[in-house]
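Undergrad:
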Amino acid sequence: MSVREGVLLPGPNIRPAVVQAILLTTSLLLVAGMLGSLAWLTALRVRAEVDPAQADTNDDER
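Residues in the sequence shown are numbered from 668 upward in steps of one, following this note's numbering.
#1: Just the Cα atoms here: how many angstroms apart are Gln687 and Met701?
#2: Return helix, strand or coil for Thr724, following the three-state DSSP convention.
#3: Give the DSSP-derived three-state secondary structure of Ile681 in the structure shown.
#4: Val698 by DSSP, collapsed to three states: which one?
#5: Could you give the distance in angstroms between the alpha-carbon of Ala699 and the alpha-carbon of Leu711?
In structure tokens:
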């Protein structure tokens, strides 16, 4: 509890710089988690193998 101007206020006495540091750290952790999951999903993605088109060389069908 903190006292301001003679009034007892409930709640913790946290400075704005501490709150800003907590929010910045949390947002950076979220971004790192999103980038990590993107890299993980990219590594797990099944790549379709590209098959070259086969040219028909049968002259019998003409």
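Every residue gets a Cβ at the ideal spot worked out from N, C-alpha and C, and that includes glycine.
Bear in mind the structure is a predicted one, so any value in this text is a computation, not a measurement.
TA: So, to answer that:
#1: 21 Å
#2: It is coil, neither helix nor strand.
#3: coil
#4: helix
#5: 18 Å
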